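All remarks here apply to the structure that follows.
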Amino acid sequence: GAGVSQSPSNKVTEKGKDVELRCDPISGHTALYWYRQSLGQGLEFLIYFQGNSAPDKSGLPSDRFSAERTGGSVSTLTIQRTQQEDSAVYLCASSLVGGSQAREQYFGPGTRLTVT
Amino acid sequence: GENVEQHPSTLSVQEGDSAVIKCTYSDSASNYFPWYKQELGKGPQLIIDIRSNVGEKKDQRIAVTLNKTAKHFSLHITETQPEDSAVYFCAASRGNYQLIWGAGTKLIIKP
Numbered sequence: 004g005a006g007v008s009q010s011p012s013n014k015v016t017e018k019g020k021d022v023e024l025r026c027d028p029i030s031g032h033t034a035l036y037w038y039r040q041s042l043g044q045g046l047e048f049l050i051y052f053q054g055n056s057a058p059d060k061s062g063l064p065s066d067r068f069s070a071e072r073t074g075g076s077v078s079t080l081t082i083q084r085t086q087q088e089d090s091a092v093y094l095c096a097s098s099l100v101g102g103s104q105a106r107e108q109y110f111g112p113g114t115r116l117t118v119t
Numbered sequence: 033g034e035n036v037e038q039h040p041s042t043l044s045v046q047e048g049d050s051a052v053i054k055c056t057y058s059d060s061a062s063n064y065f066p067w068y069k070q071e072l073g074k075g076p077q078l079i080i081d082i083r084s085n086v087g088e089k090k091d092q093r094i095a096v097t098l099n100k101t102a103k104h105f106s107l108h109i110t111e112t113q114p115e116d117s118a119v120y121f122c123a124a125s126r127g128n129y130q131l132i133w134g135a136g137t138k139l140i141i142k143p
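Top line first, the protein sequences correspond to chains A and B. The opening residue of the first sequence carries number 4 in this note's numbering; numbering runs sequentially from there. The opening residue of the second sequence carries number 33 in this note's numbering; numbering runs sequentially from there.
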């Protein structure tokens, strides 16, 4: 079946512009995660959705970052007034969540954002 | 707060030799420990995972061991092949939905 998809795959934007990154999770996955990965670095957690609500937004680095999820499916990560330090790969993952156990997260290919 | 430490940051082994990557975690409530492989330009992909009620799990050339008392777990890759070259991440669960990630290990397989 289809995996997690993200668009665009690459985005180059000028400093100060807004960008929207999209994630399509695996059908039926109720949990959705956004991560940021700077070049050669690990995974920085940004936000987690369970259905359409975001119980954990603790990783959003500033109020320029926001995310929403509609219909329990597609999610959009928006970065306003982009800065050069926002340049990174933004990864989306989805997961089945239920019961009392953490489960595997399935990752998309990422969106490479470059702010010039 | 909770954290996961991963060592080494870079590991270079001869093709055919074994590779071992180690992680330690701080949250005693963690009960799920996955390992992911990330190839260049791709998202991480799960290669093996273990839950806290098991001490060891093996899948062909890959194995993971868990020591709950010492709060550490390790990835073992035997008979390494060129396609094993990648960045490997360990993680430990926090609650039922979040994973705390290690910083990654770049594994280089020398021909």
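Even for Gly, the Cβ is constructed at its ideal location relative to N, Cα and C. If you're wondering where the values come from, they're calculated on a predicted model, not measured in any experiment.
- [ ] Starting from Q92 (chain B), find everything on chain A with Cβ-Cβ shorter than 9 angstroms and list it in chain order.
- [x] Against chain A, the beta carbon of Q92 (chain B) has no neighbour under 9 angstroms; the closest one sits roughly 18 angstroms away.
Task: Per-residue DSSP class, three states only, for Q113 (chain B) - done: coil
- [ ] Alpha carbon to alpha carbon, how far is Q130 (chain B) from R72 (chain A)? Give it in angstroms, no decimals.
- [x] 18 angstroms
Open item on the list: I'd like the span of the beta strand (DSSP E) that includes S98 (chain A), first residue to last.
Closed with: 91-98
Open item on the list: For a contact defined as C-beta to C-beta under 8 angstroms, what are the partners of W133 (chain B) on chain A?
Closed with: G45, L46, F48
Task: Contact with chain B by E17 (chain A), beta-carbon distance below 8 angstroms - done: Residue contact with chain B for E17 (chain A): absent (no Cβ-Cβ distance below 8 angstroms to any residue of chain B).
TODO: Under 8 angstroms by Cβ, that's how I've got V15 (chain A) and T81 (chain A) pegged, so tell me the actual separation to the nearest angstrom.
DONE: No, V15 (chain A) and T81 (chain A) are not in contact; Cβ-Cβ is about 17 angstroms, not under 8 angstroms.
Open item on the list: Taking 8 angstroms as the cut-off, does the region 120-139 of chain B touch the region 60-73 of chain B (at least 3 CB pairs, one atom from each stretch)?
Closed with: yes
Task: Distance, G113 (chain A) Cα to A95 (chain B) Cα - done: 28 angstroms
Task: Entirely enclosed beta strand (DSSP E) segments - the region 21-88 of chain A, minimum 3 residues - done: 22-27, 34-40, 47-53, 56-59, 68-72, 78-82
Open item on the list: Three Cβ pairs or more, each shorter than 8 angstroms: is that satisfied between the region 33-46 of chain B and the region 131-142 of chain B?
Closed with: yes
Task: Element boundaries [beta strand (DSSP E), containing A45 (chain B)] - done: The sequence shown places Val at residue 45 (chain B), rather than the Ala named in the question. 42-46 is the span of the beta strand (DSSP E), which, as asked, contains V45 (chain B).
TODO: Could you tell me whether the Cβ of P64 (chain A) comes closer than 8 angstroms to any Cβ of chain B?
DONE: no
TODO: Quick one: which residues of the region 25-43 of chain A get their C-beta closer than 7 angstroms to a C-beta of chain B? List them in chain order.
DONE: Identification of residues in the region 25-43 of chain A having a C-beta nearer than 7 angstroms to some C-beta of chain B yields A34, given in sequence order.
Task: Cβ shell of I80 (chain B) (< 8 angstroms), same chain only, five flanking positions each side left out - done: P66, W67, K89, D91, I94, A95, V96, L107
Task: Residue environment, D89 (chain A), which counts as buried when at least 16 other CB atoms sit within 10 Å - done: Burial check for D89 (chain A): the Cβ neighbour count within 10 Å reaches 16 or more, so the residue is buried.
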